[in-house]
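Colleague: Structure below; questions to follow.
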Amino acid sequence: MPRWPHDDPASLAAFYGDPETGEPGKRLVPVVPPFQMYYAGKPIQKIMFHQKAAGALAAALNDIWISCGRDQAKVDRLGISVFSGAYNPRYVRGYEPGNPQGRKPRWSNHAYGAAIDFDAEHNGFNTGHGTMPVMVIDAFKRQGALWGGDYQGRTDPMHFEFCSREPLAKPVAFAGVQADGDSDQDGAEEVAGSDAPAATAAGGAAPSAGGFFSRARNWIVTGASSVGLTGLGAMTNGEVVAMLLGFVLLVIVGGFLVALWLWGKQNVADFIAKHIA
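Each residue of the sequence shown is one higher than the one before, counting from 324 in the working numbering.
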């Protein structure tokens, strides 16, 4: 299981970058969901997420897709195709600069590009466990993510974040701050960050979730994430093509060398001359 930074400002900034300087926003990479997702009712092709957590997000989404039998209708019924926000450089609700309670400002985990929300309408802030399906919760927890429905005091069931609350040897400030609170649907950063396209023409079909190579990238990222290589979430489709072609070439060359070893140079040459040349 991946190890994530402790949920305190210093640990998060050291791992993901400091939102004060906009650093996390410079480290975002696209994650292509294996099923069609929608933002504000419009289909999206990708979710921009921090490169260190992108592989884990892809793995969780693929886990959900498999658990749903690769059935888009089932994903839709569960509300998981409803994307309610990811990267958004904002503060935790109630911890903004100049808040009336005099609390020290604290950046939301969305500002690190390491948190995502689903189906805000049915999983609102402080609504207990909301309607979040157990299979979704389990898929994210298998990647080491925290779920907002588990928070004490005020819950945030739409919300998953890649950080840790395991006890530290030395207590840190803000370690007890819980939910970010409500969705990021009103944030313009989300529309740009998720690549939400214009609405399709009347009667037109929603676009696919990114094509073969986009899905292949997620398969590769999922496998890599399972052994702790979460950085592969930054792979582009072109890099996936290059990796697949390299693998095919390696198989061909390896097969040729094995044939030479088993049957000898002359027999292989005769076979090629007879069946291929």
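We put the beta carbon where it would ideally sit given N, CA and C, even for glycine.
Just so it is clear, the structure is predicted and the values come from calculations on it, not from any experiment.
Does DSSP classify Met371 as helix, strand or coil?
Modeller: Strand at Met371.
Colleague: Could you check which residue in Lys464, Val355 and Ala379 has the C-alpha nearest to that of Lys369?
Modeller: Of the candidates Lys464, Val355 and Ala379, the one whose C-alpha sits nearest the C-alpha of Lys369 is Val355.
Colleague: If we call anything under 8 angstroms between Cβ atoms a contact, is Val405 one with Tyr361?
Modeller: Against a cut-off of 8 angstroms, the Cβ pair of Tyr361 and Val405 comes out as a contact.
Colleague: Please list, in chain order, all residues of the same chain as Leu401 whose beta carbon is under 6 angstroms from its beta carbon, the five residues on each side excluded.
Modeller: Cβ within range, chain order: Pro456.
Colleague: Considering Pro332, what are the terminal residues of the alpha helix (DSSP H) in which it resides?
Modeller: Per DSSP, Pro332 belongs to the alpha helix (DSSP H) from Pro332 to Tyr339.
Colleague: Which whole runs of the beta strand (DSSP E) in the stretch 429 to 470 are 3 residues long or more, in chain order?
Modeller: Those beta strand (DSSP E) runs which fall completely within the stretch 429 to 470 and span 3+ residues are 438 to 441.
Colleague: Check the C-beta distance from Val438 over to Ala409 and give it rounded, since I have them as a contact under 8 angstroms.
Modeller: The sequence shown places Ala at residue 438, not Val. Contact flag correct, Cβ pair sits at about 7 angstroms.
Colleague: Could you have a look at Pro412 and say whether DSSP puts it in helix, strand or coil?
Modeller: Coil at Pro412, not helix or strand.
Colleague: Helix, strand or coil, according to DSSP, for Glu484 in the structure here?
Modeller: Of the three classes helix, strand and coil, the one that applies to Glu484 here is strand, per DSSP.
Colleague: Roughly how many angstroms separate the alpha carbons of Ile429 and Gly453, rounded to a whole number?
Modeller: In the sequence on display, residue 429 carries Arg and not Ile. So the two alpha carbons sit approximately 25 angstroms from each other.
Colleague: For the structure I just gave you, are there three or more beta carbon pairs, one from the stretch 475 to 483 and one from the stretch 441 to 451, closer than 8 angstroms?
Modeller: In short, these stretches touch, since the Cβ pair count reaches three.
Colleague: Just reading off the beta strand (DSSP E) that Val405 is part of, what are its end residues?
Modeller: Per DSSP, Val405 belongs to no beta strand (DSSP E) and is neither H nor E.
Colleague: Taking the alpha carbon of Trp470 as the reference point, which residue from Val591, Glu484 and Met458 has its own alpha carbon closest?
Modeller: Ranking the options by Cα distance to Trp470, first place goes to Glu484.
Colleague: Are the beta-carbon atoms belonging to His373 and Tyr435 less than 8 angstroms from one another?
Modeller: Yes, the pair counts as a contact, with Cβ atoms nearer than the cut-off.
Colleague: By how many angstroms is the C-alpha of Asn590 removed from the C-alpha of Lys597?
Modeller: So the two alpha carbons sit approximately 11 angstroms from each other.
Colleague: Does Lys588 come out as helix, strand or coil in the three-state DSSP assignment?
Modeller: Three-state result, Lys588: helix.
Colleague: Excluding the 5 residues flanking Asp386 on each side, which residues of the same chain have their C-beta closer than 7 angstroms to its C-beta?
Modeller: Within the same chain, Asp386 has close Cβ partners Ala462 and Arg465.
Colleague: For Ala379, which of Gly577, Ala468, Tyr339 and Val576 has the nearest alpha-carbon?
Modeller: With distances taken between Cα atoms, Ala379 lies closest to Ala468.
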